[in-house]
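Number of protein chains: 2
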Amino acid sequence: MSTADRAERVPKQDRSRATRQRLLEAAVACLAEHGWAGSTVSVVAERAGVSRGAAQHHFPTREDLFTAAVEYVAEERSTALRALFPEGAAAGDRRAVVAALVDLYTGPLFRAALHLWVAASDEEQLRPRVTELESRVGRETHRIAVELLGADETRPGVRETVQGLLDMARGLGLANLLTDDTARRERVVAQWAALLDGALD
Amino acid sequence: MSTADRAERVPKQDRSRATRQRLLEAAVACLAEHGWAGSTVSVVAERAGVSRGAAQHHFPTREDLFTAAVEYVAEERSTALRALFPEGAAAGDRRAVVAALVDLYTGPLFRAALHLWVAASDEEQLRPRVTELESRVGRETHRIAVELLGADETRPGVRETVQGLLDMARGLGLANLLTDDTARRERVVAQWAALLDGALD
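What follows is the structure, encoded as structure tokens:
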């Protein structure tokens, strides 16, 4: 490759990466707002300001696009969560950690993921991919939770305590789907953070 | 009304009630299996072995049919839950009570309700009805949980403890949507029933 070719190539890769990212973000927004039935590659391409052909170059099928989108945004959220506690969390941060974990399940990412899960429960071609994705994202969230809560999983019951907390966070996300459940959620989080303190120490 | 008229009338009411019940049960099964998009009055009427006209006599709109169906089955489940502990529950029953509460969220009723919630989050004509239904069913489930757990809600934090438990149950239902999560769920339930014991006594 000549130097000139190489110089041209790098910005092209950058442009391609930027296009891909725009498509992924548009896909999550679309899924959160319109659900699986209203989310097609064309709708997302238009929203991202990308041609349908370019979208299909990046993501050959609708399933490719939407599973990649939920995974991408989940990774962004994990990174943001770790960044909230760059030095790790102290014991006094536990309530803030529980609140931050619960926040993972109340925004547009959770709405998008929920639409994808529910669609996957009815559609055979989506189901194995979403199952695999959910288990990967779930393991990563569990890992972060253990780390930030300073939970010692070698002690009996601690693993299940953390799992139950994440199940609760998911349930709180569901309770927030139709109405703004913020006030009630804050009281539940405060109480369970206190119970967790007793269970983890 | 003559005696003969009355004699004829009672079985007619019975038949009408039986038809209504068949429609409601078929509607929940349909919603759990095919989701909102695949659930129409015609599909349900056929599944219930009832004419489309008769179905529309009972439920003028699709929204009427499906919200009534989820409410009907939720009431059936509440009755069945109370019947499990006809004398109320003793302190030693707590783990069994938690397991029974969690079971409310893992069967076809939860799948049906989840499809309805998710559809309601995108559809304006469904949203207020499902919001109202969810809040009514949620209050009733909370009432049963408080009663069976022997929780004293005048003590600070107890109300939120019970709420968090029901949020966790909902989250466990979601985790069971794509894969059979029974084994993990049983371990989480055992651990959280123990934590709850400490929090409620």
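One line per chain: the protein sequences are A and B, in this order.
The first sequence begins at 1 in my numbering and counts up by one.
The second sequence begins at 1 in my numbering and counts up by one.
Here a beta-carbon is modelled for each residue, glycine too, at the ideal position from N, C-alpha and C.
No experiment lies behind these values; they were computed from the predicted model shown.
If one requires a minimum length of 4 residues, the alpha helix (DSSP H) runs lying completely within the stretch 35-60 of chain A are 41-48, 52-58, in chain order.
Every alpha helix (DSSP H) of 4 residues or more that sits fully in the stretch 52-134 of chain A is shown, in chain order, as 52-58, 62-84, 94-103, 108-122. Sequence-distant Cβ neighbours of A/LEU166 in its own chain, meaning closer than 8 Å and more than five residues away, are LEU101, GLY138, THR141, HIS142, ALA145.
DSSP places B/ALA183 inside the alpha helix (DSSP H), whose first and last residues are 182-200. Taking CB atoms only, B/GLY107 has no neighbour in chain A less than 8 Å away. A/ASP180 and A/PRO11 have their C-alpha atoms roughly 43 Å apart. Shown here, B/ALA151 sits in coil according to DSSP, grouped into three states, outside any helix or strand. With respect to chain B, the C-beta atom of A/VAL146 has no partner C-beta closer than 8 Å. Using a Cβ-Cβ cut-off of 8 Å, B/ASP180 does not count as an interface residue toward chain A, since no Cβ of chain A sits closer than that to its own.
When B/ALA175, B/ALA190, B/GLU134, B/PRO156 are compared, the shortest CA-CA separation from B/GLU71 is found for B/GLU134.
The DSSP-derived three-state label of B/LEU24 is helix.
Here A/GLY157 carries a coil assignment [DSSP, helix/strand/coil]. One Cα belongs to A/GLY38, the other to A/ALA32, and the distance between them is close to 10 Å. With respect to the C-alpha of B/ALA90, the residue from B/THR19, B/VAL189, B/GLU147, B/ALA194 having the closest C-alpha is B/GLU147.
Cβ atoms of B/GLY198 and A/GLN191 stay farther apart than 8 Å, at about 13 Å.
B/SER16 sits exposed, since fewer than 16 C-beta atoms from the chains shown fall within 10 Å of its C-beta.
Counting other Cβ atoms within 10 Å of its Cβ, A/SER121 reaches 16 or more and is therefore classed as buried.
Beta-carbon to beta-carbon, B/VAL158 and B/ALA151 are separated by about 5 Å, close enough to satisfy the 8 Å threshold. From the beta-carbon of A/GLY164, the residues of chain B found nearer than 7 Å are MET168, VAL188, GLN191, TRP192. Contact with chain A is absent for B/THR79, since none of that chain's Cβ atoms lies less than 8 Å from the residue's Cβ.
The Cβ-Cβ distance between A/THR131 and B/LEU174 does not fall below 8 Å. In this structure, A/LEU196 lies near A/ARG94, with their beta-carbon atoms less than 8 Å apart. Looking at B/THR19, B/GLN21, B/VAL28, the one whose alpha-carbon comes closest to that of B/LEU116 is B/VAL28. Taken through DSSP and simplified to helix, strand or coil, B/THR179 comes out as coil. Of A/ASP103, A/ARG184, A/ALA45, the smallest CA-CA separation from A/GLN21 is found for A/ALA45. Counting of Cβ neighbours within 10 angstroms places A/ASP14 among the exposed residues, the total staying below 16. Taking 8 Å as the upper bound for CB-CB distance, B/VAL189 and B/ALA99 are in contact here, some 5 Å apart.
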